[in-house]
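Trainee: My structure is below; once you've seen it, I'll send some questions.
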Amino acid sequence: MTERRQDIILGGVFAATGLSAAYIAAGYRGASGIYPMSLGYVIAILGAIVAIKAMLKGSSEPREIIRNAPQALLTVGIGAIYLALVPILGFYIASALLVLALPAALGFRRLLFTFVTAAIFVGIVWVIFSVILEKPLPMPVWISY
Amino acid sequence: MELISQIFGGVFAFGPIAAMISASILGVFIGALPGLNPVMAIALLLPLTYSMEPLVALGMVAGIYNGSMYGGAIPAILLRIPGTPAAIATTFDGFPMAQRGEASRALKIACWSSAIGGTASAIALMTIGPVLARATLYFGPAEYFWVAMFGMASIGVMVGKDAVKSLMAAAFGLLLGTVGLDQLSGTPRFTFGEVWLLSGLDLIVILVGLYALPPVIALAEDRDLKGLSASALKLESVKVPWGEVRSMIPTWLRSSLIGIGVGILPGAGGNIAAFLSYNAAKSTSDDPESFGKGNPLGVAAAECGNNADNAASMIPALTLGIPGNVIAALVLGALMIHGLQPGPQLFHQNPGLVGGFMVQMLLTSLLILAVGGAAATRIFAQVQRLPGVMLVPMILVLMAVGVYVINGRVIDLWVMFAAGIAGYVLEKLDVPLAPIVLGLILGPMAEQSVRRALLISRGDPTELFTRPLSAVIALATIGLIVWPMLRAWKRRRA
Chain A
16 MTERRQDIIL GGVFAATGLS AAYIAAGYRG ASGIYPMSLG YVIAILGAIV AIKAMLKGSS
76 EPREIIRNAP QALLTVGIGA IYLALVPILG FYIASALLVL ALPAALGFRR LLFTFVTAAI
136 FVGIVWVIFS VILEKPLPMP VWISY
Chain B
102 MELISQIFGG VFAFGPIAAM ISASILGVFI GALPGLNPVM AIALLLPLTY SMEPLVALGM
162 VAGIYNGSMY GGAIPAILLR IPGTPAAIAT TFDGFPMAQR GEASRALKIA CWSSAIGGTA
222 SAIALMTIGP VLARATLYFG PAEYFWVAMF GMASIGVMVG KDAVKSLMAA AFGLLLGTVG
282 LDQLSGTPRF TFGEVWLLSG LDLIVILVGL YALPPVIALA EDRDLKGLSA SALKLESVKV
342 PWGEVRSMIP TWLRSSLIGI GVGILPGAGG NIAAFLSYNA AKSTSDDPES FGKGNPLGVA
402 AAECGNNADN AASMIPALTL GIPGNVIAAL VLGALMIHGL QPGPQLFHQN PGLVGGFMVQ
462 MLLTSLLILA VGGAAATRIF AQVQRLPGVM LVPMILVLMA VGVYVINGRV IDLWVMFAAG
522 IAGYVLEKLD VPLAPIVLGL ILGPMAEQSV RRALLISRGD PTELFTRPLS AVIALATIGL
582 IVWPMLRAWK RRRA
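Going line by line, the protein sequences match chains A and B.
Position one of the first sequence corresponds to residue 16 (this note's numbering), numbered consecutively onward.
Position one of the second sequence corresponds to residue 102 (this note's numbering), numbered consecutively onward.
In structure tokens form, the structure reads like this:
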């Protein structure tokens with residue numbers, strides 16, 4: 016996608032966000048709403064300037080947003096699955112799985128190295144957070160019940 | 102006298118000392134690893150500091166900051182890969198020196214220069230900070246409002262390629278700062294009926310997402326399966342003769358002053374300080390052609406300049422509550438975690454803590470000499486052999502655990518993740534992230550100040566402009582925004 020089109024979309028998104036915020040803030044009573052409403056209008060105006068500037072003299076050169084789409088999307092996807100698994104499998108099991116699975120998904124094939132690193136790393140996290148700092152972390156759902 | 106003994110008593114206790122040493126070592130490791138940066142490291146560290154003593158937490162922040170700014174020089178010199186953006190200028194002469202077989206000498210010069218720059222900067226913080234804090238006692242709500250606006254405007258104008266996008270990001274940050282219960286009237290704003298949003302968006306959660314996730318995605322994109330091969334370089338210990346050290350003193354003095362000046366200015370960072378120092382060294386040299394071909398003075402200027410920015414950037418942060426750069430913003434976050442409000446009151450209410458942090462900035466600058474020596478540098482060079490793809494899940498886990506322990510809520514993990522993805526996309530679209538963070542920090546201060554000023558004046562908005570001090574800061578703010586626009590307009594007409 017060209018820089019021009021990207022900036023038009025970017026400006027449009029910010030303008031819409033600003034207007035929505037201003038509309039919502041207009042419903043707040045008294046001085047509570049004036050400040051966020053003003054900010055909403057400022058964002059909308061600046062967003063419109065970005066979009067108009069892009070329309071009038073934006074570059075038609077392509078601008079790269081994702082340098083390596085498969086790797087980036089894989090990381091974001093596996094990261095999201097990890098976050099979804101944390102409350103189900105508990106923090107440590109989900110984390111161990113992430114440290115084992117993500118490098119493999121990204122093409123790292125030294126399995127023994129991965130296993131040893133994962134074990135040491137999760138062990139260090141456990142010692143710091145659960146033993147030393149005594150922080151309560153999500154437990155597996157079957158233990159929570 | 103009592104204050105001095107309180108400061109030194111606090112700093113030289115076991116906890117803060119251990120924190121400074123371990124964080125300085127960790128900082129050099131982080132700086133040495135391309136892809137990791139001090140902002141990310143401090144953002145990841147902040148959630149951990151909730152349960153720590155303030156001086157232990159601040160000692161860790163100071164150690165990581167100073168350590169990583171030096172650590173960035175290691176891959177810059179050995180591999181021509183700047184470990185941090187501030188180390189870009191170090192590659193110009195550092196790498197040619199390494200190619201000539203003088204890697205160890207270049208690293209030693211970088212180590213000394215970093216320590217000297219950092220020390221000069223800490224001394225500036227210790228001397229200028231309290232004076233400025235005293236001057237700000239004359240500030241009322243109107244002045245504070247304009248100071249916040251000045252900080253936002255200077256960052257908006259100076260950071261990023263497009264001033265409009267930067268200002269848009271700043272306004273968006275200010276808007277994010279309004280989420281939650283209005284502190285003056287108790288009205289819930291932008292909470293959409295969600296109870297967890299009543300307390301507002303957690304600064305640290307957003308910070309971790311914005312600053313830690315984009316580099317993680319970038320590391321994954323690099324798909325580094327082998328790590329770097331810095332171990333092949335010869336790093337035997339060398340002695341730098343006294344004559345050469347003496348010849349660097351003017352460069353160190355000049356670069357320290359430049360770095361301090363840049364640090365005080367909100368919006369400018371270590372990379373600008375390094376470039377300005379490098380250019381100054383080159384333009385004052387008898388042999389400017391040798392720069393870029395392995396001149397040790399180039400390494401000395403760049404490293405001294407970027408470290409001289411470190412503590413100086415804390416001057417507006419600690420005295421006015423206006424962070425000079427993102428790391429200063431993170432330090433404000435660390436102070437807020439411990440219930441301390443940056444600004445002039447901080448110096449009066451917690452002089453021991455502020456003084457202690459200043460001393461810690463000084464000590465951690467000197468610690469670089471100990472942790473960045475020849476043997477240590479050889480070990481740090483080995484760190485670069487870690488495959489990047491192994492670091493990706495480890496940082497994700499640290500982000501998750503760090504964010505979860507703040508409030509014990511899974512929802513925060515998703516907020517962090519969303520902020521990170523937004524940050525990744527916005528950066529690619531040339532929207533800088535620093536103004537968003539600063540807006541989030543300064544938003545409540547700006548809103549409360551303007552509303553208090555209007556309450557005092559019974560709704561008369563001229564109160565914001567008619568006080569002499571507020572008028573001066575307001576004019577400076579307007580000038581800061583209008584001046585670049587006028588220059589661009591004149592350039593177009595010419």
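For each residue, glycine too, the CB sits at the ideal point set by N, CA and C.
1) Would you say A:Y38 faces chain B, with C-beta separation under 8 Å as the test?
2) Please classify B:T292: does DSSP put it in a helix, a strand, or coil?
3) Which runs of the alpha helix (DSSP H), 4 residues or longer, sit entirely within the segment 520-589 of chain B?
4) With a cut-off of 8 Å on the beta carbons, I'd call A:P153 and B:V306 a contact; round off their distance for me.
5) Across which residues does DSSP place A:P77 in a beta bridge pair?
6) Going by other Cβ atoms of all chains shown within 10 Å of its Cβ, with 16 needed for buried, is A:P42 buried or exposed?
7) Quick check on DSSP: helix, strand or coil for B:L366?
8) May I ask you to verify whether the segment 434-447 of chain B touches the segment 143-153 of chain A, counting CB pairs closer than 8 Å and requiring at least 3?
9) Does B:I318 get closer than 8 Å to chain A when you measure Cβ to Cβ?
10) With a Cβ-Cβ cutoff of 8 Å, do B:G168 and B:S205 count as a contact?
11) Can you tell me where the alpha helix (DSSP H) with B:S169 in it begins and where it stops?
12) Within 8 Å (strictly less), CB to CB, does B:S152 reach chain A?
13) For B:N408, collect the residues of the same chain with a Cβ closer than 6 Å to its Cβ; drop the 5 residues on either side in sequence, then sort them by chain order.
14) A:T17 CB to nearest chain B CB: under 8 Å?
15) What is the rounded straight-line gap between the Cα of B:W297 and the Cα of B:V506?
16) Straight-line CA distance for A:Q21 to A:R78?
17) With 16 as the cutoff for other CB atoms within 10 Å, does B:L431 come out buried or exposed?
18) In the DSSP assignment, find the alpha helix (DSSP H) that holds A:A69 and state where it starts and stops.
19) How would you write the range of the alpha helix (DSSP H) that B:A114 sits in, first residue to last?
20) To the nearest angstrom, how far is the alpha carbon of B:I143 from that of B:L358?
21) Could you tell me whether the Cβ atoms of B:P545 and B:G278 are closer together than 8 Å?
22) I'd like to know if the segment 557-574 of chain B and the segment 342-349 of chain B are in contact, where contact means that at least 3 CB-CB pairs between them fall below 8 Å.
23) For B:W343, return the contacting residues in chain A, with the cut-off set at a CB-CB distance below 7 Å.
24) Note down, in chain order, every chain B residue with its Cβ under 8 Å from the Cβ of A:R82.
25) Start and end of the alpha helix (DSSP H) containing B:W213?
26) Check the Cβ of A:I58 against every Cβ in chain B and list those closer than 8 Å, keeping chain order.
27) Out of curiosity, what's the CA-to-CA distance linking B:S414 and B:S466?
28) Using the beta-carbon of each residue, which ones in chain B are nearer than 8 Å to A:P77?
29) Taking only beta-carbon atoms, is A:R20 less than 8 Å away from chain B?
30) Report the option in A:L71, A:P118, A:M52 and A:L61 whose CA atom is closest to the CA atom of B:D325.
31) Do B:P183 and B:V504 have their C-beta atoms closer together than 8 Å?
32) I'd like to know whether the C-beta atoms of B:Q450 and B:V112 end up nearer to each other than 8 Å.
Mentor: The relevant details are as follows:
1) False, the Cβ-Cβ gap to chain B never drops below 8 Å.
2) If DSSP states are grouped into helix, strand and coil, B:T292 belongs with coil.
3) Restricted to the segment 520-589 of chain B, the alpha helix (DSSP H) segments that are unbroken, complete and at least 4 residues in length are 535-557 and 564-567, listed in chain order.
4) Not quite, the Cβ-Cβ distance comes to about 16 Å (not below 8 Å), so this is no contact.
5) Answer is A:T17, bridged to A:P77.
6) Before going further, note that residue 42 of chain A is Gly rather than Pro in the sequence given. By the neighbour-count criterion, in which 16 or more other beta carbons inside 10 Å mark a residue as buried, A:G42 falls on the exposed side.
7) Three-state DSSP puts B:L366 in coil, outside helix and strand.
8) Cβ pair count under 8 Å is below three, so no.
9) Chain A, which has a Cβ nearer than 8 Å to the Cβ of B:I318, makes this yes.
10) Result no, Cβ atoms of B:G168 and B:S205 do not sit closer than 8 Å.
11) First-last of the alpha helix (DSSP H) with B:S169: P155 to G172.
12) When Cβ-Cβ separations below 8 Å define contact, B:S152 makes contact with chain A.
13) The beta carbon of B:N408 sits closer than 6 Å to the beta carbons of M170, S215, G218 and G219 from its chain, once the five residues preceding and following it are set aside; these are given in chain order.
14) By this cut-off, A:T17 is not an interface position.
15) In this structure, the straight-line span from the alpha carbon of B:W297 to that of B:V506 is close to 15 Å.
16) As the crow flies, the alpha-carbon of A:Q21 is around 8 Å from that of A:R78.
17) Per the 10 Å Cβ criterion, buried.
18) For A:A69, the uninterrupted alpha helix (DSSP H) segment begins and ends at A46 to K72.
19) B:A114 -> no alpha helix (DSSP H), and no H or E assigned at all.
20) Roughly 26 Å separates the two Cα atoms.
21) Contact flag set, yes.
22) Counting Cβ pairs under 8 Å, fewer than three are found: no touch.
23) Those do not exist, as B:W343 stays about 44 Å from chain A at its closest Cβ, beyond 7 Å.
24) Near A:R82 (Cβ distances below 8 Å), the residues of chain B are A319 and E322.
25) Per DSSP, the continuous alpha helix (DSSP H) segment holding B:W213 begins and ends at A204 to A236.
26) Correct list: M269, A272, F273 and L276.
27) A straight line joining the alpha-carbon of B:S414 with that of B:S466 spans about 14 Å.
28) Residues of chain B passing the Cβ test: none, with the nearest at roughly 12 Å.
29) A:R20 does not count as touching chain B.
30) Per the Cα distances, A:P118.
31) Inclusion of B:P183 and B:V504 in the CB contact set at 8 Å is not warranted, their separation being larger than that value.
32) No, Cβ-Cβ distance for B:Q450 and B:V112 is not below 8 Å.
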